[in-house]
Amino acid sequence: MSFYQDAVTGLNSQPKWLSPKYFYDARGSHYFDLICKLDEYYPYRTEMALLPTVAEELDQWLPKQVVIVEFGAGSLHKIRPLLSTSQAIRGFIPIDISAEHLHNAGATLQQEFAQLEVKPAVGDFTQTLQLPHLELEKDNQRIPKLGFFPGSTLGNFTPDEAREFLRNARQSLGPDSMFLLGVDTQQDIATIERAYNDAKGVTASFNKNILVRMNRELSTNFKLDQFSHRAIFNRQHSRIEMHLVSDIEQQVTLGDKQIRFARGESIHTENSYKYTPATLAALVESAGWQLQHTWQAPSAAFSEVLLH
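For the sequence shown, the numbering used here begins at 733 and goes up steadily by one.
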């Protein structure tokens, strides 16, 4: 579906919603980079501190040679500790929807790791993909694949979507594959809510940017000062929810439609599910994976788990 069709569907639903994938235009990506540097936003810095330990110990769990496949590769920051340390990783396939960004980042990485075969693949990483064939695999010599999905993006999927993604990834990676997965773990609610309600208001700007983008691309007439950012923890579903709350009764034009808002009515823009060891194990097993090893941050705020 197009941005317009998604917006029409979401804003005519009860409750109203917009897909978080529309956060990430250039401005939204910039805001997210700023969020990752905030004191309150623990997931990014906790994972970055954990990855060197994972890199040091990873090879003992891997076959002699693997090709690592990063789903939703983005800036490729988090792959570097693994590539710098592992002796088993011989090839790298980054997957992302943005072709230009992916090839630029891939070329930079290839210069940095000259002995590594890098072959970017453009596509929707949530779907089953035909991975490119590497020179390493000539003469039908197949090398096992290691999936890599860092960050807390898994938590942005509903449990059903997460299960479907993990199943599709298993099919894309093929027989004898493994998967290194970043997991945002459940902890005290105050810490979680603070991470999405930073004092500088960067997360609020990130959330409201979806309205800025709609005004620019869909010619809507949202007034940003009439909507407030709200992020709350939903205990029943073990997730942070981000909302944009209408401060007044108002209506907004979307194409030939008028979208009415009651005072206090919200647009649900994003979820971030937090997992316990038990709920994570149930999820991965339902998708056909088995949990092999867990690396947990000292604060227990983030984990990297190895699946096979």
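Positions of the beta carbon are idealized from the N, C-alpha and C atoms, including for glycine.
From the options, residue whose alpha carbon lies closest to that of residue i
i, options, result
"Leu912", "Arg902, Phe938 and Gln746", "Arg902"
"Asp765", "Leu1015, Ile924 and His809", "His809"
"Gly848", "Phe824, Leu834 and Ser830", "The sequence given here has Leu at residue 848, not Gly. Nearest of Phe824, Leu834 and Ser830 to Leu848, Cα basis: Phe824."
"Gly806", "Gly883, Gly887 and Glu925", "Gly883"
"Leu905", "Pro775, Leu1039 and Asn744", "Leu1039"
"Tyr776", "Val801, Gly914 and Pro876", "Gly914"
"Asp856", "Asp908, Leu841, Asn900 and Lys748", "Asn900"
"Ala1010", "Asn929, Gln918, Ser818 and Gly933", "Gln918"
"Pro747", "Ser1018, Asp908, Ile999 and Gly933", "Ile999"
"Asp920", "Ala837, Asn966, Pro907 and Phe735", "Asn966"
"Phe803", "Ile829, Leu866 and Phe845", "Ile829"
"Gly969", "Phe889, Thr858, Ala837 and Asn744", "A small fix is needed here, since residue 969 is His in this sequence, not Gly. Of the listed residues, the one whose Cα sits closest to His969 is Phe889."
"Ser937", "Met733, Tyr763 and Phe735", "Tyr763"
"Thr935", "Gly760, Ser734 and Val740", "Gly760"
"Asp791", "Glu779, Thr778 and Gln819", "Gln819"
Secondary structure of residue i, DSSP reduced to three states
i, result
"Tyr1007", "strand"
"Gln982", "strand"
"Gly887", "helix"
"Ile924", "helix"
"Ser998", "strand"
"Asp772", "Going by the sequence as given, residue 772 is Glu instead of Asp. If DSSP states are grouped into helix, strand and coil, Glu772 belongs with coil."
"Lys748", "strand"
"Leu976", "strand"
"Leu863", "coil"
"Asn953", "coil"
"Phe959", "strand"
"Phe938", "helix"
"Leu1023", "strand"
"Met733", "coil"
"Tyr763", "helix"
"Thr817", "helix"
"Ala787", "helix"
"Glu756", "A quick correction: the sequence has Tyr, not Glu, at residue 756. In the structure shown, Tyr756 sits in coil (DSSP, three-state: anything other than H, G, I, E or B)."
"Ala794", "Ala is not the amino acid found at residue 794; the sequence shown has Leu there. DSSP places Leu794 in coil when its eight states are reduced to three."
Beta bridge counterpart(s) of residue i as assigned by DSSP
i, result
"Phe824", "Ile800 and Val850"
"Ser1035", "Val915 and Gln1028"
"Glu1017", "Bridge partners of Glu1017: none, in fact."
"Met910", "Leu878"
"Ala837", "Answer is none; Ala837 lacks a bridge partner."
"Asn966", "Arg971"
"Leu905", "The partner list for Leu905 (beta bridge, DSSP) is empty, contrary to what the question assumes."
"Arg693", "The requested residue 693 does not occur in the structure, where the chain is confined to residues 733 to 1040."
Residues near residue i by beta carbon distance below 6 Å, same chain, minus five either side
i, result
"Gln990", "Gln983"
"Arg962", "His975 and Val977"
"Ile800", "Ile821, Phe824, Leu878 and Phe880"
"Gln842", "Val850"
"Asp757", "Arg945"
"Ala927", "Glu772, Tyr773 and Tyr774"
Neighbourhood of residue i by C-beta, 7 Å cutoff - its chain only, sequence neighbours within 5 removed
i, result
"Arg948", "none"
"Ile942", "Leu750, Tyr754, Phe755 and Thr1001"
"Leu1023", "Ala1013, Val1016, Val1037 and Leu1039"
"Phe954", "Leu943, Met946, Asn947 and Val984"
"Ala831", "Val854"
"Trp1027", "Leu782, Thr785, Val786, Ser1035 and Glu1036"
"Thr817", "Ala787 and Glu788"
"Thr885", "Gly804"
"Leu866", "Val799, Gly823, Glu849 and Lys851"
"Gly887", "Asp916, Ser1004, Tyr1005 and Lys1006"
"Pro907", "none"
Same chain, Cβ closer than 8 Å to residue i, neighbours up to 5 away in sequence not counted
i, result
"Leu1015", "Pro891, Ala894, Arg895, Leu898 and Tyr1007"
"Trp1021", "Leu898, Arg902, Phe911, Leu1039 and His1040"
"Ile964", "Glu925, Ile972, Glu973 and His975"
"Thr923", "Tyr774 and Ala1033"
"Lys940", "Leu956, Phe959, His961 and Leu976"
"Gly742", "Lys748, Trp749, Leu750, Ser751 and Ile999"
Minimum Cβ-Cβ distance from residue i to chain B less than 8 Å
i, result
"Pro775", "Structure shown: chain B not included; a single protein chain is present."
Check whether the segment 777 to 790 and the segment 798 to 813 touch, using three or more Cβ-Cβ pairs below 8 Å as the test.
yes
Touch check for the segment 974 to 989 and the segment 857 to 864: three-plus C-beta pairs under 8 Å?
no
Can you find at least 3 beta carbon pairs, one from the segment 754 to 770 and one from the segment 796 to 804, that sit closer than 8 Å?
no
Touching by the beta-carbon criterion (3+ pairs, under 8 Å), the segment 991 to 1007 and the segment 1021 to 1032:
no
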